[in-house]
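Take the sequence shown: its letter number 240 is residue 240 in full-length UniProt numbering, and every next letter is one higher. To start, the structure under review is shown below, and the notes come after it.
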Amino acid sequence: MQRVILHCDMNNFYASVECMLNPELKNKPVAVCGSVEERHGIVLAKNYAAKAFGVSTGEAIWQAKQKCQDLVIVEPHYERYMKFSKLAREIYGRYTDQIEPYGMDECWLDVTGSGCMGTGFEIADEIRRTVKFELGLTISAGVSFNKIFAKLGSDMKKPDAITCIEADSFREKIWCLPASDLLGVGRATEKVLSGYGIHTIGELAATSDDFLKCRLGKNGLAIKKYANGLDDSPVMRSDYVSPVKSIGHGITTMQDLENNAEVWCIMLELVQEIGTKLRTHKKKAGGIAISIRNNELYTKEWQCRISIPTQSPTYLAKTAFALFAKNYQWEHPIRSVTVRAINLFEEDCPIQYDLFTDVKSLDRQERLDAAIEQIRFRFGKDAIKNGVLFQKSKMPTERKVDLVMPTGMIG
Numbered sequence: 001m002q003r004v005i006l007h008c009d010m011n012n013f014y015a016s017v018e019c020m021l022n023p024e025l026k027n028k029p030v031a032v033c034g035s036v037e038e039r040h041g042i043v044l045a046k047n048y049a050a051k052a053f054g055v056s057t058g059e060a061i062w063q064a065k066q067k068c069q070d071l072v073i074v075e076p077h078y079e080r081y082m083k084f085s086k087l088a089r090e091i092y093g094r095y096t097d098q099i100e101p102y103g104m105d106e107c108w109l110d111v112t113g114s115g116c117m118g119t120g121f122e123i124a125d126e127i128r129r130t131v132k133f134e135l136g137l138t139i140s141a142g143v144s145f146n147k148i149f150a151k152l153g154s155d156m157k158k159p160d161a162i163t164c165i166e167a168d169s170f171r172e173k174i175w176c177l178p179a180s181d182l183l184g185v186g187r188a189t190e191k192v193l194s195g196y197g198i199h200t201i202g203e204l205a206a207t208s209d210d211f212l213k214c215r216l217g218k219n220g221l222a223i224k225k226y227a228n229g230l231d232d233s234p235v236m237r238s239d240y241v242s243p244v245k246s247i248g249h250g251i252t253t254m255q256d257l258e259n260n261a262e263v264w265c266i267m268l269e270l271v272q273e274i275g276t277k278l279r280t281h282k283k284k285a286g287g288i289a290i291s292i293r294n295n296e297l298y299t300k301e302w303q304c305r306i307s308i309p310t311q312s313p314t315y316l317a318k319t320a321f322a323l324f325a326k327n328y329q330w331e332h333p334i335r336s337v338t339v340r341a342i343n344l345f346e347e348d349c350p351i352q353y354d355l356f357t358d359v360k361s362l363d364r365q366e367r368l369d370a371a372i373e374q375i376r377f378r379f380g381k382d383a384i385k386n387g388v389l390f391q392k393s394k395m396p397t398e399r400k401v402d403l404v405m406p407t408g409m410i411g
């Protein structure tokens, strides 16, 4: 039996919730932005009125204001977004228990076994109308035979719309689209493909396996499968708990970072949270990844392997900083920093040490970090910290960007 997969995307979610709860914002250009005072001054979401002026997600507030002088800036209210996200999923749950979130505002639904409720299009249309009536929000839905094309369909027509991509006609409908429209083809991958004259999904679908594997590794083979409609990854049940794939923490600083010492302080603070979450999930990091955004809003990412899997914030910070110092050229000051623990292992997994590993030192550091964490847990995060962190910091007082990434979204 051919699967029937829906992808529901709540249009301009943050901005739509704010406009729905504040009728005076209706028909005005609105952007939901982080705190200007603490330098989270970027556009997190915008409504269609703001989009018409060219305002885009991720740009600085001052840039958005240059495009639209009458832009209304609204601070984010995450508790509101969580509430409406939960309400939307309750509506989806009336049709299936196979509901897989993809962020706060998107979900895949497998309605293959819900044929008594109608066709995929009919179910999607009923969900669209129900969300609009009960929540006052609009969604775009994609209907297809796999998750990749359902996601692509929800992006093709917005807002408040449904797009079907059928198995017998997907080539005519989507192969002419840019390769970057396909889930899994990010900016870096698009740049590589474009450099070799591969611009459309159809061109990607026709490219040889050997060529893609040579240039893009396993991801190259995966995106070719997606382009040919061969994604068979399942939609997880609503009660499924995905294993954790990576744990990270990131911030936008109150002022631009201008030297290595300031970056070291930020990383040292970020990894305290990561170490805590690693212990909570009973994991150890086998690698570290960092993401650095400069004041021109250009982002660079690097990652490396850790020879001995660890939970130690100190070891994680040293590894992250060494990776940064090796790669960042200081052409511009730094606006935001994110650190992620990747290649996670189970806490109790056996570890093969080499002859040169100072096992006693590693064990001592991990026990010290664990003791520090217990003190912070009992008496507050500021009860004990590394001495360098007592100096004036560019760290914001509120930090909201926690990254705990599950596996299994796309197989």
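Every residue gets a Cβ at the ideal spot worked out from N, C-alpha and C, and that includes glycine.
Closest Cα partner of residue i within the set the options
i, options, result
"G269", "T314, N295 and D231", "Contrary to the premise, residue 269 reads as Glu rather than Gly in this sequence. Among T314, N295 and D231, the Cα nearest to that of E269 is on T314."
"S242", "H77, A64 and P101", "P101"
"E320", "P23, G286 and E346", "Per the sequence shown, the amino acid found at residue 320 is Ala instead of Glu. Nearest C-alpha to A320: G286."
"R298", "V17, Q272, P234 and R187", "Sequence inspection shows Tyr at residue 298; the Arg mentioned does not correspond to that position. That would be R187, whose Cα lies nearest to the Cα of Y298."
"K157", "I251, H77, S169 and K173", "K173"
"A179", "H199, D369, S169 and E273", "H199"
"Q365", "I266, M117, Y328 and Q311", "Q311"
"G202", "L212, L221 and A227", "A227"
"L212", "G229, S233 and T189", "T189"
"A45", "L362, F377 and V17", "V17"
"F377", "R279, V339, S307 and N327", "R279"
Between the CA atoms of residue j and residue i - distance to the nearest angstrom
i, j, result
"N11", "S238", "22 Å"
"G408", "R80", "Reliability fails at G408, whose pLDDT of 44 lies under 50, so the model's placement of it is uncertain and the value that follows must be treated cautiously. Rounded to whole angstroms, G408 to R80 spans 27 Å at the Cα level."
"P333", "E296", "9 Å"
"L135", "F84", "8 Å"
"Y14", "Q255", "26 Å"
"G142", "C176", "18 Å"
"E75", "Q2", "44 Å"
"D105", "G153", "16 Å"
"I410", "N260", "Only weak support is given to the placement of I410: the predicted model assigns it a pLDDT of 46, under 50, and the value that follows is read from those uncertain coordinates. Looking at the two C-alpha atoms, the distance is approximately 37 Å."
"C19", "C33", "14 Å"
"Q303", "S56", "28 Å"
"I292", "G113", "45 Å"
"Y78", "E301", "27 Å"
"G120", "V263", "50 Å"
"R94", "I127", "9 Å"
"S169", "Q98", "26 Å"
"W330", "A322", "15 Å"
"K318", "A370", "17 Å"
"G167", "R89", "In the sequence as presented, Gly is not what sits at residue 167; that position holds Ala. Each residue's Cα considered, the two are about 27 Å apart."
"M117", "D155", "25 Å"
Residue i vs residue j beta-carbon contact at 7 Å
i, j, result
"A31", "A60", "no"
"D160", "T130", "no"
"V192", "R215", "yes"
"S140", "D231", "no"
"I223", "G184", "yes"
"E347", "K284", "yes"
"A289", "I375", "no"
"A124", "I165", "no"
"K54", "K67", "Looking at the sequence shown, residue 54 is not Lys but Gly. Cβ atoms of G54 and K67: closer than 7 Å."
"V271", "D110", "no"
"K132", "V72", "no"
"H7", "K218", "no"
Buried/exposed call for residue i, threshold 16 Cβ in 10 Å
i, result
"W108", "buried"
"N146", "buried"
"F149", "buried"
"P350", "exposed"
"V4", "buried"
"A325", "exposed"
"G275", "buried"
"S336", "buried"
"L87", "exposed"
Residue-level contact to chain C via CB, residue i, 7 Å cutoff
i, result
"T112", "Absent from the structure: chain C. Only one protein chain is present."
Cβ-heavy atom distance, residue i to the ligand FAD, below 6 Å
i, result
"V30", "Ligands displayed in this structure: none; no statement on the ligand FAD is therefore possible."
Mind listing, in chain order, the continuous alpha helix (DSSP H) runs of no fewer than 4 residues lying wholly within the stretch 1-42?
13-21
Alpha helix (DSSP H) segments (min. 4 residues) lying fully within the stretch 240-315
260-280
What are the start and end residues of each continuous alpha helix (DSSP H) run of 4 or more residues lying completely inside the stretch 136-198, in chain order?
147-156, 170-174 and 187-195
Completely contained beta strand (DSSP E) runs for the stretch 72-138, where each covers 3 or more residues
72-74, 99-101 and 106-110
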